[in-house]
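First the structure, in the form of structure tokens, and then the observations on it.
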């Protein structure tokens with residue numbers, strides 16, 4: 091996962107490490123529970139999964 095054929099681009103492994111290093115240095119890593127309306131423009135702390143199985147086609 092480190093191949094990169096274009097000059098000047100970072101290999102994927104290096105880019106991931108750089109990103110994780112930057113996030114680790116962020117001062118506020120606390121999470122909070124907010125309403126759906128208040129969540130606009132925010133980043134999720136964990137994945138969300140539906141409690142209902144929805145088929146991958148129109149339901150109407």
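Residue numbers (our numbering): 91 to 150.
Glycine included, C-beta positions come from ideal geometry on N, C-alpha and C.
- In terms of CA proximity to residue 120, 132 leads the group 127, 111, 132, 109.
- Annotation: the continuous alpha helix (DSSP H) that includes residue 110 extends over 102-114.
- In this model, residue 135 and residue 116 are separated by some 14 angstroms (Cα to Cα).
- Spanning the alpha carbons of residue 126 and residue 97 requires a straight line of approximately 43 angstroms.
- Take the alpha-carbon of residue 147 and the one of residue 138: they are about 20 angstroms apart.
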